[in-house]
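For the sequence shown, our numbering assigns the number 472 to the last residue and increments by one with no breaks. Glycine residues also receive a C-beta, built at the ideal position from the N, C-alpha and C atoms.
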Amino acid sequence: MRAQTSIGLILLALAACTPRTQDRPASPAQTSAAPPVAIRIVAFNDFHGNLPPPRQYITAQTPTGPVKVPAGGGAYFASAIAKLKAENPLNIVVSAGDMTGASPLMSSLFLDEPTIEAMNLIGVDLNAAGNHEFDRGQDELKRLQTGGCAKFAAREPCQLSPKFPGASFQYLAANSVRQDGSTLFPPYAIRTFGEGKGAIKVGFIGTTLKGTAEIVSAAGIAGIHFADEAKTANALIPELRAKGADVIVVLVHEGGRVTAPHGAPSCAGLEGDILPVLDALDPAVDIVISGHTHREYVCDFGTVNPAKPFLLTSAGQYGTLVTSIDIAVDPLTRKLVSKHAENVIVQGEAYDGGTGRVDLTNAAPVYPADPRIKALIDRYSAASATFTQRVVGHATGAILRASTPSGEQAAGNLIADAQLAALRGPGGAQLAFMNQGGVRADILTEPDGS
Numbered sequence: 023m024r025a026q027t028s029i030g031l032i033l034l035a036l037a038a039c040t041p042r043t044q045d046r047p048a049s050p051a052q053t054s055a056a057p058p059v060a061i062r063i064v065a066f067n068d069f070h071g072n073l074p075p076p077r078q079y080i081t082a083q084t085p086t087g088p089v090k091v092p093a094g095g096g097a098y099f100a101s102a103i104a105k106l107k108a109e110n111p112l113n114i115v116v117s118a119g120d121m122t123g124a125s126p127l128m129s130s131l132f133l134d135e136p137t138i139e140a141m142n143l144i145g146v147d148l149n150a151a152g153n154h155e156f157d158r159g160q161d162e163l164k165r166l167q168t169g170g171c172a173k174f175a176a177r178e179p180c181q182l183s184p185k186f187p188g189a190s191f192q193y194l195a196a197n198s199v200r201q202d203g204s205t206l207f208p209p210y211a212i213r214t215f216g217e218g219k220g221a222i223k224v225g226f227i228g229t230t231l232k233g234t235a236e237i238v239s240a241a242g243i244a245g246i247h248f249a250d251e252a253k254t255a256n257a258l259i260p261e262l263r264a265k266g267a268d269v270i271v272v273l274v275h276e277g278g279r280v281t282a283p284h285g286a287p288s289c290a291g292l293e294g295d296i297l298p299v300l301d302a303l304d305p306a307v308d309i310v311i312s313g314h315t316h317r318e319y320v321c322d323f324g325t326v327n328p329a330k331p332f333l334l335t336s337a338g339q340y341g342t343l344v345t346s347i348d349i350a351v352d353p354l355t356r357k358l359v360s361k362h363a364e365n366v367i368v369q370g371e372a373y374d375g376g377t378g379r380v381d382l383t384n385a386a387p388v389y390p391a392d393p394r395i396k397a398l399i400d401r402y403s404a405a406s407a408t409f410t411q412r413v414v415g416h417a418t419g420a421i422l423r424a425s426t427p428s429g430e431q432a433a434g435n436l437i438a439d440a441q442l443a444a445l446r447g448p449g450g451a452q453l454a455f456m457n458q459g460g461v462r463a464d465i466l467t468e469p470d471g472s
């Protein structure tokens, strides 16, 4: 039998020849040789072209009780992201879909080109295409990626940007599959953080809502089917590992909801269509950044399913929040040693809404307006004034989307009534419905009721 020291030398030699030690636990001697590589992932979802402040608030929990914090607005959103990036040079900015589509008038009038231009200035790196990004069809979505002024929608492109450059960030669409088996956009991206032998590779898989075909125009997605999100991601993991990915992040445009308040990293009451996706995902996935339901949460899914210890996040909607995700990776073992996330409120300016005024508060940081984004918003706002300032009717008061205990919405009822009035007639509609999630804003009145 060989001496113990000889066995140790052989094991050390074998370790030196092994390119990856993903499945081998680290010893204290190994981890002490080099500090963990700290990486920040800045994430958001369901921005929906909300460059002007959306007149929404986040309820912050304080020692004296809950406080309404006015949140959102592209110029403040940009400053919040810039601050988070400045705190760690090893960073990446990602979106889990619906960056555009179902947008306010200022962005939608110009085919969401203003939002793409703003995201370019902010420095977004990756965006998993969501269902609303297909609202105007796949050709128009590809134009948003590549730029140019080809016309694929009812409105004219390039009205203010004659040389619209397209997105400087990369769309991902792993499960948006053409008839020949190729994907509409790349299925994943790998980014390297750090330098030399200690550099860490993070793989990002982007998936679209599996049910997209049920909620967008069939003509716009002809020749595309949307595969199962979890099966698609699982099938890509071996390829990512073969290319050296140490950490796996899934950007999925599907989501859930929790009962935990803002600021509570909890899975309390977690429900929704994200659950079967999470249950089917390979445990090799480290982080799931989700969207679609417009809810905010930071959830250690391992408390729900110990076999699937994912960090699950969602940043609500409309740029009112941004998720700061900090991970640390051992450069020797290539293992994730810690992961932490929090949703940061994007507080920028007070507003008067249909339910009263919401003022700035010291319950959360106040971000200044990024001058580049503000100038862009001002430019497009002025160009859209002909439409936004047009009087189309009068009302005795604000028509709000706030729901009564029975689920009624004044704004939702108005929309349903308008649809019914427009489509009535011989052989026309007899009944109209409006889903609450599609009611995107309150209708506010001027003093004269216009």
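- Approximately 16 Å separates the beta-carbon atoms of A255 and A329; this is outside 8 Å, ruling out the contact.
- Assignment of A175 by DSSP, reduced to helix, strand and coil, places it in the coil class.
- Annotation: the stretch 123–200 contains the following complete segments of the beta strand (DSSP E) (minimum length 3 residues), in chain order: 148–150, 192–194, 198–200.
- Under the three-pair Cβ rule at 8 Å, the stretch 421–436 does not count as touching the stretch 147–163.
- In this structure, Q181 sits near A405, with a CB-CB distance shorter than 9 Å.
- Closest in C-alpha terms to L163, from the list A249, A189, R356, comes A189.
- For D250, DSSP assigns no beta-bridge partner whatsoever.
- In summary, F186 is buried, with 16 or more beta-carbon neighbours lying within 10 Å of its beta-carbon over all protein chains present.
- Excluding its 5 nearest sequence neighbours in each direction, A282 has C-beta neighbours in its own chain below 6 Å: S288, A290, listed in chain order.
- Note that the C-beta distance between L292 and C321 is below 9 Å.
- Assigned with DSSP and collapsed to three states, P260 falls in helix.
- In this structure, D308 is the residue among G419, D308, V368 with its C-alpha nearest to the C-alpha of P331.
- Contact check between the stretch 253–271 and the stretch 219–232: three or more CB pairs, one atom from each, fall below 8 Å, which counts as touching.
- A direct Cα-to-Cα measurement between L112 and I63 gives close to 9 Å.
- Rounded to whole angstroms, the separation of the alpha carbons of I395 and V326 is 40 Å.
- The DSSP-derived three-state label of D374 is strand.
- Boundaries of the alpha helix (DSSP H) harbouring P393: 393–405, taken from the DSSP string.
- Judged by beta-carbon spacing, A424 lies beyond the 9 Å limit of L466, meaning their Cβ atoms are not closer than that value.
- If you draw a straight line from the Cα of S129 to the Cα of A249, it comes to about 30 Å.
- Per the Cβ contact rule, the stretch 366–379 is in contact with the stretch 71–80 (3 or more Cβ pairs under 8 Å).
- With fewer than 16 other Cβ atoms from the protein chains shown falling within 10 Å of its own Cβ, G245 counts as exposed.
- Between F174 and the set Q201, L133, P209, the nearest pair of CA atoms involves L133.
- Each of G313, M141, F66, K90 was checked against the Cα of A386, and the nearest Cα belongs to K90.
- Only exposed fits S472, as fewer than 16 other CB atoms lie within 10 angstroms of its CB.
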